[in-house]
Amino acid sequence: MNYLTNFMPMKDRGLIFDIRRYAVHDGPGIRTTVFFKGCPLHCLWCHNPEGITPGIQKAVRQRKLNGRSYSYEEEIGRWLSSAQVMEELLKDQLFYEESGGGVTFSGGEPLSQSAFLLKMLSETRRFGLHTAVDTSGFADADIFQAVASLTHCLLFDLKTTDQDKHMEYTGVDTEQIVNNLKSLPPDGPDLFVRIPVIPGINASVGEMMAIGQLLCTLDARVKRVDLLPYHRLGRQKYACLGQKYPGDFGQLCGHDMKEFEKVFTNAGFAVKTGG
Ligand code: SF4
Numbered sequence: 723m724n725y726l727t728n729f730m731p732m733k734d735r736g737l738i739f740d741i742r743r744y745a746v747h748d749g750p751g752i753r754t755t756v757f758f759k760g761c762p763l764h765c766l767w768c769h770n771p772e773g774i775t776p777g778i779q780k781a782v783r784q785r786k787l788n789g790r791s792y793s794y795e796e797e798i799g800r801w802l803s804s805a806q807v808m809e810e811l812l813k814d815q816l817f818y819e820e821s822g823g824g825v826t827f828s829g830g831e832p833l834s835q836s837a838f839l840l841k842m843l844s845e846t847r848r849f850g851l852h853t854a855v856d857t858s859g860f861a862d863a864d865i866f867q868a869v870a871s872l873t874h875c876l877l878f879d880l881k882t883t884d885q886d887k888h889m890e891y892t893g894v895d896t897e898q899i900v901n902n903l904k905s906l907p908p909d910g911p912d913l914f915v916r917i918p919v920i921p922g923i924n925a926s927v928g929e930m931m932a933i934g935q936l937l938c939t940l941d942a943r944v945k946r947v948d949l950l951p952y953h954r955l956g957r958q959k960y961a962c963l964g965q966k967y968p969g970d971f972g973q974l975c976g977h978d979m980k981e982f983e984k985v986f987t988n989a990g991f992a993v994k995t996g997g
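Okay, structure coming up:
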């Protein structure tokens, strides 16, 4: 399918809440990551809460000056054109080339601004940049497939295969996510499956085995499984947004993480913990 003519009009404006250069955990090599605002999920462990609301928000920040503390307001989210984003992305083209890196579109959920994401993917392709899309996979099938056909790499966040838990802790069910994952063809983008490991939710060998079994049924090439241990680094962000921290899930045990790694290595997958 030639999505450029058949899919949808491409929007030349996206709501972006951050562009981070020199990222080393968002796909291969050194990358620049563009964070799209808006996500249909509400994961209770989300460490990017400023990415969830699909509109510009105010955050209250603190700053120290001459020993005194001041608070000031900052707007989270800017409308940027593809040309403005490209200008930022092209600044580090040399680093991408030397490190085997490129550009990552993350969020929030970048597929929630699908028209702008498709526009950015076609622009980055035009300049020969390697692209990765970091997604929850929760999107209409035609949008998901259009994005998958244009990106080199998908960072697919998979939380649990348990329908009830998924609904309870993220606000959406797994059906669309699993169907999209299963729709990826063997000659599609490189697939990195990213599993946030959350104590009390999915931090068990049984949960990891259920995810491993799902991965074994895929046609797609799974390049690696990334286990992302739960952390509380987003806590301060909730406070700045005037929101209650939705949950504290406690500590993960290093021994358990090794057991989870084994589940995937025994099934023949490359595994990385952290990042
Ligand atoms: S899918 Fe990602 S961005 Fe969206 S709520 Fe969950 S953790 Fe946050």
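For the record, in the sequence shown the residue sitting at position 28 is 750 according to my numbering, with numbers rising by one throughout. Note that beta-carbon positions come from the ideal geometry of N, C-alpha and C, so glycine has one too. The structure displayed is predicted, hence computed values, not measured ones.
Per DSSP, what kind of secondary structure is E831 in: helix, strand or coil? Reduced to three states, the DSSP call for E831 is coil.
Relative to the C-alpha of G969, which candidate in H953, A942 and G859 has its C-alpha closest? Each of H953, A942 and G859 was checked against the Cα of G969, and the nearest Cα belongs to H953.
*With DSSP as the reference, label K994 as helix, strand or coil.*
In the structure shown, K994 adopts extended strand secondary structure according to DSSP, grouped into three states.
DSSP three-state assignment for Y818, whether helix, strand or coil:
Helix, per DSSP.
Requested in this report: Can you say whether V746 is buried or exposed, counting buried as having 16 or more other CB atoms within 10 angstroms of its CB?
Outcome: Burial call: exposed.
* Asked: Is the beta carbon of R753 less than 8 Å from the beta carbon of V825?
  -> The criterion of a C-beta distance shorter than 8 Å is satisfied by R753 and V825.
Taking just the CA atoms, how far does N788 sit from P762?
Rounded to whole angstroms, P762 to N788 spans 42 Å at the Cα level.
Relative to the C-alpha of T882, which candidate in L876, C875 and Y891 has its C-alpha closest?
Taking only the C-alpha atoms, the option nearest T882 is Y891.
**Message:** So, under 8 Å CB-CB, D941 and F914 are touching, yes? Tell me the CB distance rounded to an integer number of Å.
**Reply:** Between F914 and D941 the Cβ distance is about 16 Å, and since that is not below 8 Å, they are no contact.
Limits of the unbroken alpha helix (DSSP H) element including D1030: No information on residue 1030 is available, as it lies outside the stretch 723 to 997 that the chain covers here.
- Query: Which one of D886, S803, L802 and Q784 has the shortest CA to CA distance from Y794?
  - Reply: For the residues D886, S803, L802 and Q784, the minimum Cα distance to Y794 belongs to Q784.
Practice item. Tell me the start and end of each unbroken alpha helix (DSSP H) in the segment 899-940 that is at least 4 residues and wholly inside, in chain order. Key: List check, alpha helix (DSSP H) in window: 927-938.
Report task. Compute the distance between the beta-carbons of V782 and I738, then report whether it is under 8 Å. Result -> In this structure, I738 does not lie closer than 8 Å to V782 by Cβ.
Where does N724 sit, in a helix, a strand or coil, going by DSSP? With a pLDDT of 37 at N724, under the threshold of 50, the modelled position of this residue cannot be trusted; read the value that follows with caution. Three-state result, N724: coil.
Based on the DSSP output, what are the partners of C875 in its beta bridges? Bridge partners of C875: A854 and D912.
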